[in-house]
Amino acid sequence: MILSVSRRTDIPRWYSEWLLRRLRAGEVLVRNPYRPGQLRRVPLSPAVVDAIVFWTKDPAPLLPWLDELDGMGYRYLFQFTLTPYGPEIEPGLRDKRAIVETFQVLGCRLGRGRVLWRYDPILFTDAIGLAWHEARFRKLCKALSPFTDQVTVSFLDPYPGRPMGGLRPPNALEMQELAAMLGQTAKEYHLSIVACCEAGDFSAHGIGRAACIDRARLERLCGGPLRLGPDRGQRPGCGCCESVDIGAYDTCPSGCRYCYANRTPARTAARRAEHAPDSPLLTGIPSPGDTVTDLPACSCRDGQLRLF
1 MILSVSRRTD
11 IPRWYSEWLL
21 RRLRAGEVLV
31 RNPYRPGQLR
41 RVPLSPAVVD
51 AIVFWTKDPA
61 PLLPWLDELD
71 GMGYRYLFQF
81 TLTPYGPEIE
91 PGLRDKRAIV
101 ETFQVLGCRL
111 GRGRVLWRYD
121 PILFTDAIGL
131 AWHEARFRKL
141 CKALSPFTDQ
151 VTVSFLDPYP
161 GRPMGGLRPP
171 NALEMQELAA
181 MLGQTAKEYH
191 LSIVACCEAG
201 DFSAHGIGRA
211 ACIDRARLER
221 LCGGPLRLGP
231 DRGQRPGCGC
241 CESVDIGAYD
251 TCPSGCRYCY
261 ANRTPARTAA
271 RRAEHAPDSP
281 LLTGIPSPGD
291 TVTDLPACSC
301 RDGQLRLF
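Heads up: the sequence shown at position 167 corresponds to 167 in the UniProt record's numbering, and the numbers run straight through without jumps.
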């Protein structure tokens with residue numbers, strides 16, 4: 001089983017202590033985001049979890065626990081989002097210079113193949129355009145390329161009913177201009193570059209199609225073949241293989257203005273207030289009327305796994 005931690009919230013940044021308690025306990029409960037009365041009990045033994053994919057914008061709170069993760073026998077890698085936006089767009093993050101240092105520390109520890117850089121979403125405002133991105137992408141490539149071998153890019157996706165407040169995606173022509181710049185700059189810094197869930201074809205600029213949870217990379221991490229199918233629960237164009245996500249929506253207090261995972265700041269604050277580090281759920285506790293179903297998971301390496 002591949003564990004996704006998490007597309008729904010930044011667990012390394014905000015919930016590291018809870019995660020470690022769940023790993024020690026050997027299981028976690030995950031509430032169905034669409035049917036809240038349904039819970040899944042997910043086993044977390046290293047004998048079942050072949051690898052963990054962490055999604056984060058700042059894993060600093062998790063770093064002190066990595067020795068324990070290693071000692072427990074977990075294999076893991078990071079999808080690490082690092083953009084040049086300031087607090088006017090990403091208000092809940094530390095100074096980006098400090099986060100760059102965290103990226104470098106993590107890359108030194110784990111190696112270039114286990115810390116994967118995400119420069120996304122790419123967005124425009126009245127003050128942010130092609131030249132702005134070109135200067136800052138190059139600066140980040142220089143700082144990060146010794147510590148990663150890949151950068152994943154994507155363009156802002158506006159969500160229905162979610163006000164963007166002056167943020168906009170690049171138009172088709174701007175996307176091609178950006179792709180040319182991104183592809184050339186990544187090449188100069190010896191970085192593989194891929195685009196996540198983009199309908200456009202940017203292969204002429206050296207940009208491939210992403211598989212953020214990538215079977216080939218996970219097989220290298222695990223040291224052998226993995227029996228994994230495609231993840232049919234993701235957006236069109238997603239190249240990821242199947243995984244189990246243990247996060248919850250409306251729980252990330254980073255407050256990024258473009259975020260798809262939080263509906264309103266008030267709801268996020270209320271959900272975060274329900275968090276308890278010793279709960280089997282990320283937020284709240286199980287209710288008497290909840291239905292709990294055990295996830296029939298096993299290792300992908302033994303040729304038996306089919307999660308869904």
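All C-beta atoms, glycine included, are put in the ideal place defined by N, C-alpha and C.
Keep in mind that this is a model prediction, so the values were computed, not measured.
- [ ] Would you check if the distance between the CB atom of residue 254 and the CB atom of residue 57 is smaller than 8 Å?
- [x] To locate residue 254, count along the sequence shown from 1; it is residue 254. To locate residue 57, count along the sequence shown from 1; it is residue 57. It is a contact, given that the beta carbons lie within the stated cut-off.
- [ ] Return the first residue and the last residue of the beta strand (DSSP E) that residue 42 is part of.
- [x] What you label residue 42 is simply residue 42 of the sequence shown in a count that begins at 1. Its beta strand (DSSP E) spans residues 38-43.
Task: Bridge partner(s) assigned by DSSP for residue 48 - done: For the purposes of this step, residue 48 is taken as the residue at position 48 of the sequence shown. Beta-bridge pairing links residue 48 to no other residue.
Task: Three-pair Cβ contact test at 8 Å for the segment 176-195 versus the segment 134-143 - done: yes
Task: residue 298 versus residue 86: straight-line alpha-carbon distance, rounded - done: The residue you call residue 298 lines up with position 298 of the sequence shown. The residue you call residue 86 lines up with position 86 of the sequence shown. Approximately 42 Å between the Cα atoms of the pair.
Open item on the list: By the DSSP assignment, the alpha helix (DSSP H) with residue 99 in it spans what residues?
Closed with: The sequence position of residue 99 within the sequence shown is 99, counting from 1. That run of the alpha helix (DSSP H) goes 96-110.
Open item on the list: Output needed for residue 308: all residues of its chain with C-beta closer than 6 Å, excluding positions within five of it in sequence on either side, in chain order.
Closed with: Start at 1 with the first residue of the sequence shown, and residue 308 comes out as number 308. In this prediction, residue 308 scores a pLDDT of 33, lower than 50, which makes its location untrustworthy; no coordinate-derived value is stated.
Task: residue 203 classed as buried or exposed, judged by whether at least 16 other C-beta atoms fall within 10 angstroms - done: On the sequence shown, residue 203 is found 203 positions in, with the first residue counted as 1. Residue 203 should be labelled exposed.
- [ ] Helix, strand or coil for residue 197, going by three-state DSSP, please let me know.
- [x] Indexing the sequence shown from 1 puts residue 197 at position 197. Coil at residue 197, not helix or strand.
- [ ] With distances taken Cα to Cα, identify the nearest neighbour of residue 191 among 249, 144, 122, 3.
- [x] For the purposes of this step, residue 191 is taken as residue 191 along the sequence shown, with counting starting at 1. The shortest C-alpha separation from residue 191 is found at 144.
TODO: Locate the beta strand (DSSP E) running through residue 117, then write down its first and last residues.
DONE: By 1-based counting over the sequence shown, the position of residue 117 is 117. Counting along the chain, the beta strand (DSSP E) containing residue 117 begins and ends at 115-122.
Task: Pairwise C-alpha distance: residue 133 and residue 52 - done: Sequence index remark: in the sequence shown, residue 52 carries index 52 (1-based). Sequence index remark: in the sequence shown, residue 133 carries index 133 (1-based). The straight-line gap from Cα to Cα measures roughly 31 Å.
- [ ] Might you give, ordered along the chain, the residues of its own chain that have their beta carbon closer than 7 Å to the beta carbon of residue 304, omitting 5 neighbours on each side?
- [x] The residue given as residue 304 occupies position 304 in the sequence shown. Bear in mind that a pLDDT of 47 at residue 304, under 50, signals an unreliable position, so the model cannot answer this.
Task: Where the beta strand (DSSP E) containing residue 154 begins and where it ends - done: As a first step, residue 154 must be located in the sequence shown, where it is residue number 154. Unbroken beta strand (DSSP E) run through residue 154: 150-155.
Open item on the list: Please report the straight-line C-alpha distance between residue 274 and residue 131, rounded to a whole angstrom.
Closed with: Here residue 274 corresponds to residue number 274 of the sequence shown, with the count starting at 1. Here residue 131 corresponds to residue number 131 of the sequence shown, with the count starting at 1. Straight-line Cα distance between these residues: approximately 43 Å.
TODO: Taking residue 212 as the reference, give the member of 113, 109, 93, 83 with the closest Cα.
DONE: The sequence position of residue 212 within the sequence shown is 212, counting from 1. That would be 113, whose Cα lies nearest to the Cα of residue 212.
TODO: Taking residue 16 as part of the alpha helix (DSSP H), name the residues at either end of that continuous run.
DONE: Position 16 of the sequence shown, counted from the start, is the residue given in the question as residue 16. Looking at the DSSP string, the run of the alpha helix (DSSP H) that includes residue 16 is 16-25.
Task: Exposure of residue 312, with buried meaning 16 or more beta-carbon neighbours within 10 Å - done: Residue numbering for the chain in the displayed model covers 1 to 308; residue 312 lies beyond these limits and cannot be assessed.
- [ ] Please classify residue 107: is it buried, with 16 or more other beta-carbons within 10 angstroms of its beta-carbon, or exposed?
- [x] Taking the first residue of the sequence shown as 1, we reach residue 107 at position 107. Buried is the call here.
Open item on the list: Three or more C-beta pairs under 8 Å: does that hold for the segment 78-92 against the segment 30-40?
Closed with: no
Task: Cβ contact check for the segment 86-106 and the segment 246-260: 3 or more pairs under 8 Å - done: yes
Task: Span of the beta strand (DSSP E) around residue 294 - done: Against the sequence shown, residue 294 aligns to sequence position 294. That run of the beta strand (DSSP E) goes 291-294.
TODO: Could you tell me whether the Cβ atoms of residue 8 and residue 233 are closer together than 8 Å?
DONE: Counting from 1 along the sequence shown, the entry for residue 8 is found at position 8. Counting from 1 along the sequence shown, the entry for residue 233 is found at position 233. No, Cβ-Cβ distance for residue 8 and residue 233 is not below 8 Å.
Task: Anticipated Cβ contact below 8 Å, residue 55 with residue 6, distance rounded - done: Taking the sequence shown and counting its residues from 1, one reaches residue 55 at position 55. Taking the sequence shown and counting its residues from 1, one reaches residue 6 at position 6. Sure, about 6 Å apart at Cβ, within 8 Å.
Open item on the list: My assumption, with CB atoms under 8 Å, is that residue 74 sits in contact with residue 141. Please give the rounded CB distance.
Closed with: For this step, residue 74 is matched to residue 74 along the sequence shown. For this step, residue 141 is matched to residue 141 along the sequence shown. Rounded, the Cβ-Cβ distance is 30 Å, inconsistent with contact.
TODO: Output the distance between the C-alpha atoms of residue 216 and residue 226, rounded to the nearest integer angstrom.
DONE: Your numbering for residue 216 matches position 216 in the sequence shown. Your numbering for residue 226 matches position 226 in the sequence shown. Distance between the alpha carbons of residue 216 and residue 226 is about 9 Å.
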